[in-house]
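Chemist: Quick one: the structure is below, and I'll ask about it shortly.
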Amino acid sequence: MKRTPLQVAVVCWLVVGCAGVHRFHPNFYSLDGDIRLGEQLSKEVETDLVLLRHSALNQVVNTVGRRLLDASPEPAFKLFPYSYHVVDSPEVNAFALPGGPVYLNMGIVEVCETEDELASVMAHEMSHVAARHATEMLTTQNLSQLAIIAAVSVVPIPIPPIAWEGAKLGYVLSLLRYSRGKEAEADRLGLRLMNAAGYDPTAMASVFRKLSEQQHSLPSVVERFMSSHPLSEVRMRDAERQSAQLERPNAAAVAAASPSTFPQVKMMFAKD
Ligand SMILES: [Zn+2]
Numbered sequence: 132m133k134r135t136p137l138q139v140a141v142v143c144w145l146v147v148g149c150a151g152v153h154r155f156h157p158n159f160y161s162l163d164g165d166i167r168l169g170e171q172l173s174k175e176v177e178t179d180l181v182l183l184r185h186s187a188l189n190q191v192v193n194t195v196g197r198r199l200l201d202a203s204p205e206p207a208f209k210l211f212p213y214s215y216h217v218v219d220s221p222e223v224n225a226f227a228l229p230g231g232p233v234y235l236n237m238g239i240v241e242v243c244e245t246e247d248e249l250a251s252v253m254a255h256e257m258s259h260v261a262a263r264h265a266t267e268m269l270t271t272q273n274l275s276q277l278a279i280i281a282a283v284s285v286v287p288i289p290i291p292p293i294a295w296e297g298a299k300l301g302y303v304l305s306l307l308r309y310s311r312g313k314e315a316e317a318d319r320l321g322l323r324l325m326n327a328a329g330y331d332p333t334a335m336a337s338v339f340r341k342l343s344e345q346q347h348s349l350p351s352v353v354e355r356f357m358s359s360h361p362l363s364e365v366r367m368r369d370a371e372r373q374s375a376q377l378e379r380p381n382a383a384a385v386a387a388a389s390p391s392t393f394p395q396v397k398m399m400f401a402k403d
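The sequence shown begins at 132 in my numbering and counts up one residue at a time.
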């Protein structure tokens, strides 16, 4: 049966609406469309990235990702096959592609002092995926450059080549600039996710504070991150306020988590 765009929007709304992630946002992509678009984009951006492979740090990142996902209070998180990648770059940045691939630069890993802080960055990025912010944006904004990618939305055909503008990574990152509302939603969902997994939700605000300090001391290193994740005083205070309001999970679940090896592993990769 062929559906009209309106019917597709209603079906997507029902899927997302039931999951309780967010209010009505039209999304012309199917869930599978998110996943296939992310797979395609990850192949493209990885031509511009140097990934750390087979390292203890990848292991830590994968363990944190699994712990967050297992504890997820929102069914929407379970709809996507997340994968976690550490990028060998001193630039402070993190991003997620639709459908699950999450990228963390060494620069942002180094900013994180504890596993809770690392989990806050990952939980925020996973929330963009679960809330399907990228494909929502492709649906609602008139991004003519992306009309060709949008063909992946409901029709199961191979994705045509994308007309890249300059470096693929830079192009994709420029697309992943979310509205303040979407950033606030990723913070809110991320805080609940890390809290459910037994991480300290106040770690999100402490990462924000550190990034904000870096913006003053080393602006060029955090420039790209700040352009996609502007850190206003309001946003930092919101993270503090929301984390204070969250009900912590029972102590047994938290105690069951194995002790963090993140600080030691991070030392192995730290650059002078
Ligand atoms: Zn974000």
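Beta carbons are placed, not taken as given, at the ideal position from N, Cα and C, and that holds for glycine.
The structure displayed is predicted, hence computed values, not measured ones.
In chain order, which continuous runs of the beta strand (DSSP E) of length 3 or greater are located wholly inside the region 202–276?
Modeler: You should have 214–218, 225–227 and 232–236.
Chemist: Hey, is His360 close to ligand 1, as in C-beta under 7 Å from one of its heavy atoms?
Modeler: True, at least one ligand heavy atom lies under 7 Å from that Cβ.
Chemist: Tell me where the alpha helix (DSSP H) around Tyr302 begins and ends.
Modeler: Unbroken alpha helix (DSSP H) run through Tyr302: Lys299 to Leu306.
Chemist: Suppose you measure from the CA of Phe393 to the CA of Ala202; what does that come to, to the nearest Å?
Modeler: Their Cα atoms are separated by approximately 19 Å.
Chemist: Below 6 Å CB to CB, which residues in the same chain sit around Ser258 once its five sequence neighbours on both sides are set aside?
Modeler: The answer, listed in chain order, is Ala317, Leu320 and Gly321.
Chemist: So, at 7 Å on beta carbons, what are the nonlocal neighbours of Glu267 in its own chain, with the 5 sequence-adjacent residues on each side left out?
Modeler: Cβ within range, chain order: His156 and Asn158.
Chemist: Helix, strand or coil for Leu183? Go by DSSP, reduced to three states.
Modeler: Note: Leu183 maps to strand in three-state DSSP.
Chemist: Report the CB separation of Leu199 from Val396 in whole angstroms; it is logged as a contact under 8 Å.
Modeler: At roughly 18 Å, the Cβ-Cβ gap does not stay under 8 Å, so Leu199 and Val396 are not in contact.
Chemist: In angstroms with no decimal places, state the Cα-to-Cα distance between Leu180 and Pro204.
Modeler: Approximately 33 Å between the Cα atoms of the pair.
Chemist: Below 8 Å, how does it come out for the region 358–371 and the region 230–248: are there three or more Cβ pairs, yes or no?
Modeler: Taking 8 Å as the limit for Cβ pairs, the verdict is that the region 230–248 does not touch the region 358–371.
Chemist: For ligand 1, I want to know if Tyr309 counts as a neighbour, meaning its beta carbon is within less than 7 Å of at least one of the ligand's heavy atoms.
Modeler: Yes; taking the cut-off as 7 Å, the Cβ of Tyr309 has a heavy atom of ligand 1 nearer than that.
Chemist: Can you tell me whether Asp163 is helix, strand or coil according to DSSP?
Modeler: Helix.
Chemist: Could you give the first and the last residue of the continuous alpha helix (DSSP H) run that contains Asn381?
Modeler: Segment: none, Asn381 is in no alpha helix (DSSP H) and carries neither H nor E.
Chemist: Ser284 by DSSP, collapsed to three states: which one?
Modeler: Reliability of the predicted coordinates at Ser284 is poor, the pLDDT of 46 falling under 50, and the value obtained from them is presented with this limitation in mind. Coil, per DSSP.
Chemist: Quick check: what's the CA-CA separation for Ser351 versus Arg308?
Modeler: The alpha-carbon atoms of Ser351 and Arg308 are separated by roughly 18 Å.
Chemist: Where does Leu349 sit, in a helix, a strand or coil, going by DSSP?
Modeler: Note: Leu349 maps to coil in three-state DSSP.
Chemist: Output the boundary residues of the alpha helix (DSSP H) element that contains Ala375.
Modeler: Taken as a continuous stretch (DSSP letters only), the alpha helix (DSSP H) holding Ala375 covers Glu364 to Gln376.
Chemist: In chain order, what residues of the same chain have a beta carbon less than 7 Å from the beta carbon of Gly169, not counting five sequence neighbours either side?
Modeler: Closer than 7 Å at the Cβ level, and outside the excluded window around Gly169, lie Leu228, Pro229, Gly230, Gly231 and Pro232.
Chemist: Can you tell me the Cα-Cα spacing of Lys341 and Arg355, whole angstroms?
Modeler: If you take the alpha carbons of Lys341 and Arg355, they lie about 16 Å apart.
Chemist: Would you kindly check if the distance between the Cβ of Leu304 and the Cβ of Phe339 is under 8 Å?
Modeler: Not closer than 8 Å, so no.
Chemist: At a cut-off of 7 Å, would you count Glu244 as near ligand 1, judging by its Cβ distance to the nearest heavy atom?
Modeler: Glu244 Cβ: outside cutoff for every heavy atom of ligand 1.
Chemist: Cβ of His156 versus every heavy atom of ligand 1: is any distance shorter than 7 Å?
Modeler: Checking every heavy atom of ligand 1 against the Cβ of His156, none is found closer than 7 Å.
Chemist: Assuming Ala271 and Tyr160 make a contact with CB atoms under 8 Å, what is their CB distance in whole Å?
Modeler: Before going further, note that residue 271 is Thr rather than Ala in the sequence given. Rounded, the Cβ-Cβ distance is 11 Å, inconsistent with contact.
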